[in-house]
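Trainee: Could you have a look at this structure, given as C-alpha cells, before my questions?
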RNA sequence: GGAGAGAUGGCAGAGUGGUCGAUUGCGGUGGUCUUGAAAACCAUUGAGCCGAAAGGUUCCGGGGGUUCGAAUCCCUCUCUCUCCGCCA
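Residue numbers (my numbering): 11 to 433.
In C-alpha cells:
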C-alpha cells in the first residue's frame, strides 16, 4: 500500500511510476473513489455528531416523562439517518480501499527502466564460468537419482517433493546450518517461525490477493503453507510500533517453502531446479526510512559473501522496472552458475519494499521527537538450498564422478567428497 | 473432544445502559532536587480516519444485533486460562 498523499498530490508521478512497472491501474477512477469516500465520511460524521449531542440531552429527562417520549421519537429519526449515512460511508471507504490496494509500490529512481527480464542489468559477477569437459547436469550424475529420490517422492506425496537420502540429506542440513550461522555472524537473530499462516499475514506481505493460486491452502482451518519465511517473519511485528532505538532489526529464519508453481511446470524443471517444497534461509530487516537503501546494499553483500565462501560463480542483476514485483521498490537477483546445465540459477532475491509492506502490515516506529513513521521492510534469500545444491554438484563434480564439498561446510559434513562412484 | 471462566490502553487492573477514550498503579518521556545517580516530587504519556486549522469521528478480542444512547445487554466467531479425556 502506497502513501495516500502520493495519490492525492502527485497523481502524474504515480501514473508514470506505475507505467514503468508495467502495471495498469486507473488512477482517475481511484481518485474519484477517494473524493466520494471523503465526502461520505464528512457527511456521516456530521450526522453522528448531531445525534450524539441530542442523545446526551436525553439523560436529563426522567424515563417515561412526556418530554422524554417526545424527544425519543424525534431522535429515532436522527438515528436512522445517521446509520444510513454511516453505512454509505463504510461502503465508499471499502470500495476505495479495494481499488487503492491494487496500486503497486513505486520503483526506486535507481531502478533501470525496462520491460522484461531481458532488460535487467548485470552489475557484477564473481568466479570463473569456464566449463570443464566432464561437466554434466546434476540430474545426470549416475548416483544422483539414488540420493535424491523423486520417484518415491511421487509415490508418497507428488511431483516436486523429493526425498533426500544419506549424504544429500546431510548436505542439505549442512547448508541450512552454515547459512544460519553466517547470518548470526552478520547480526541476524535466528527465529523458527510457524510455517502455516493465516490470511491476514499473507495479505500484509502482499501474497494475497496477487499470488493466491501459488500457495497451498488448508480450507478446513484457513491456513496457507508459507511460500517463503518472509511471510511469518515479516508479520512478527504486524500492528506494532517500535522505537527508532531498536532499529534496524535483523532476523533470519530457516523454513521449508511450499509453492504450487501453477502454470510454470514445463521446461527447466528437471532435478532440483524447481520444486514444490524446498528449504531456504531467509534474511529480514526492519529499518528506518532513511537507511533502507543502504541496508539493501549490505543485505546483498551478505548474500554475495555466502556464494564466495562456497566458491560458486555468480552474478548480480539489478532488476528492471518491468521485472520487479508488485510490492518491490528495488530488487537484486543473484544467480549462481551451474556448470553442467550451463545456466544461471536464481538462488536469491534481495529486495527493499520501502514502506509498502509495512503500511499494509501496520509496522511503524517512533523517531527521536516521538513522531510515528511507517517502517521499511527488506528481505533476501540467504540462500535457497536446492539450486545451491545443484550448483555445488555441477561445479564441484570431479572427473571420477565424486563431488567435492566446499570447505566451509565441513564443520557439519566431515567429508571432503561425496558420491558413491560404484553405482 | 467435554465442562467452566475470561478477553479493557506498553503491562497490571477498575468500570455492568447516559459527557467513558475510559479510575488507578506500574512502566515511558520531560522537569525540579543532586557533583552524578537513585529516591522523592511535579508535569506529561494510545492509535486510525476526516479536516488547512479549530475541531470532529471511530476503536474496550473480531463480526452482527437491540436501544434515542453500548466497554456495559443479546447473538456469533476467534483466542486464552482452569479441570477432565486423548496425545508427540
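No residue lacks a Cβ here, since even glycine has one placed at the ideal position from N, Cα and C. Please read all numbers here as calculations on a predicted model, not as lab measurements.
Give the secondary structure of residue 45 by DSSP, where H, G and I count as helix, E and B as strand, and everything else as coil.
Mentor: Stepping through the first chain from its first residue, residue 45 is reached at position 35. Helix, per DSSP.
Trainee: Could you have a look at residue 377 and say whether DSSP puts it in helix, strand or coil?
Mentor: One-based indexing of the first chain puts residue 377 at position 367. In this structure, residue 377 counts as coil in the three-state DSSP scheme.
Trainee: Could you spell out the range, first to last residue, of the alpha helix (DSSP H) harbouring residue 315?
Mentor: Residue numbering aside, residue 315 sits at position 305 when the first chain is read from its first letter. Run containing residue 315: 302–319, per the alpha helix (DSSP H) assignment.
Trainee: Measuring CB to CB, does residue 8 end up less than 9 Å from residue 258?
Mentor: In the structure as shown, the chain starts at 11 and stops at 433, and residue 8 therefore has no counterpart that could be examined.
Trainee: For residue 31, does the count of other Cβ atoms within 10 angstroms reach 16, so buried, or fall short, so exposed?
Mentor: By one-based count along the first chain, residue 31 stands at place 21. Residue 31 should be labelled buried.
Trainee: Within a Cβ cutoff of 7 Å, which residues of the same chain sit near residue 163, ignoring the five residues on either side of it in sequence?
Mentor: For this step, residue 163 is matched to residue 153 along the first chain. For residue 163, where only same-chain residues beyond five positions count, the Cβ hits under 7 Å are 171, 172, 173.
Trainee: For the stretch 46–133, which segments carrying the alpha helix (DSSP H) assignment without a break, of at least 4 residues, lie completely within its bounds, in sequence order?
Mentor: Counting only runs of 4 or more, we get 76–110.
Trainee: Quick check on the DSSP output: what are the complete alpha helix (DSSP H) runs of length 4 or more inside the stretch 215–254, in order along the chain?
Mentor: For the stretch 215–254, whole alpha helix (DSSP H) runs of length 4 or above, ordered along the chain, are 240–245.
Trainee: Closer than 7 Å by C-beta to residue 144: which residues in its own chain qualify, once you throw out the five before and the five after it? Chain order, please.
Mentor: Translated into positions along the first chain, residue 144 becomes position 134. Cβ within range, chain order: 407, 409.
Trainee: Please report the residue range of the beta strand (DSSP E) in which residue 35 lies.
Mentor: By 1-based counting over the first chain, the position of residue 35 is 25. Neither: residue 35 is in no beta strand (DSSP E) and is coded neither H nor E.
Trainee: By DSSP, does residue 3 sit in helix, in strand, or in coil?
Mentor: No statement about residue 3 is possible, as the shown extent of the chain runs from 11 to 433 and does not include it.
Trainee: Taking contact to mean at least 3 C-beta pairs separated by less than 8 Å, is the stretch 329–345 in contact with the stretch 113–125?
Mentor: Yes, the stretch 329–345 is in contact with the stretch 113–125.
Trainee: Answer with buried or exposed for residue 364, where buried requires no fewer than 16 other C-beta atoms within 10 angstroms of its C-beta.
Mentor: Taking the first chain and counting its residues from 1, one reaches residue 364 at position 354. The residue in question, residue 364, is buried, as its Cβ has 16 or more Cβ neighbours within 10 Å.
Trainee: Residue 75 to residue 222, Cα distance in whole Å?
Mentor: Taking the first residue of the first chain as 1, we reach residue 75 at position 65. Taking the first residue of the first chain as 1, we reach residue 222 at position 212. Each residue's Cα considered, the two are about 59 Å apart.
Trainee: Excluding the 5 residues preceding and the 5 following residue 187 in the sequence, name in chain order all residues of the same chain whose CB lies nearer than 7 Å to its CB.
Mentor: In the first chain, residue 187 corresponds to position 177, counting from 1. Taken in chain order, the residues that qualify are 422.
Trainee: Would you kindly report the start and end of the unbroken alpha helix (DSSP H) that includes residue 398?
Mentor: The residue given as residue 398 occupies position 388 in the first chain. Taken as a continuous stretch (DSSP letters only), the alpha helix (DSSP H) holding residue 398 covers 395–405.
Trainee: For residue 284, which of 269, 90, 295 has the nearest alpha-carbon?
Mentor: Position 274 of the first chain, counted from the first residue, corresponds to residue 284. Residue 269 is the option with its Cα nearest to residue 284.
Trainee: Within a Cβ cutoff of 6 Å, which residues of the same chain sit near residue 160, ignoring the five residues on either side of it in sequence?
Mentor: Within the first chain, the letter at position 150 stands for residue 160. For residue 160, where only same-chain residues beyond five positions count, the Cβ hits under 6 Å are 172.
Trainee: State the DSSP-derived secondary structure class of residue 355, mapped to helix, strand or coil.
Mentor: Sequence index remark: in the first chain, residue 355 carries index 345 (1-based). Correct three-state label for residue 355: strand.
Trainee: Within the continuous beta strand (DSSP E) that includes residue 4, where are the two ends?
Mentor: Since the first residue of the chain shown is 11 and the last is 433, residue 4 is not available in this structure.
Trainee: May I ask you to report which of helix, strand or coil DSSP gives residue 409?
Mentor: Here residue 409 is taken as the residue at index 399 of the first chain, counted from 1. Of the three classes helix, strand and coil, the one that applies to residue 409 here is coil, per DSSP.
Trainee: May I have the straight-line CA-CA distance separating residue 150 from residue 404, to the nearest angstrom?
Mentor: Sequence index remark: in the first chain, residue 150 carries index 140 (1-based). Sequence index remark: in the first chain, residue 404 carries index 394 (1-based). So the alpha carbons of these two residues sit roughly 10 Å apart.
Trainee: Quick one: what's got a C-beta closer than 6 Å to residue 99's C-beta in the same chain, skipping five residues either side?
Mentor: On the first chain, position 89 is the one that residue 99 refers to. Closer than 6 Å at the Cβ level, and outside the excluded window around residue 99, lie 50, 51, 54.
Trainee: Whether or not the stretch 288–298 and the stretch 260–268 are in contact is what I'm after, with contact meaning three or more pairs of Cβ atoms, one per stretch, closer than 8 Å; do they touch?
Mentor: Taking 8 Å as the limit for Cβ pairs, the verdict is that the stretch 288–298 does touch the stretch 260–268.
Trainee: Given a cut-off of 9 Å on the beta-carbon distance, is the pair residue 342 and residue 133 in contact?
Mentor: On the first chain, position 332 is the one that residue 342 refers to. On the first chain, position 123 is the one that residue 133 refers to. In this structure, residue 133 lies closer than 9 Å to residue 342 by Cβ.
Trainee: Go ahead and label residue 141 buried or exposed: buried means 16 or more other beta carbons lie within 10 angstroms of its beta carbon, across all protein chains shown.
Mentor: Here the question's residue 141 lines up with position 131 in the first chain. So residue 141 ends up on the exposed side.
Trainee: Which of the three DSSP states is assigned to residue 14 in this structure?
Mentor: The residue given as residue 14 occupies position 4 in the first chain. Helix.
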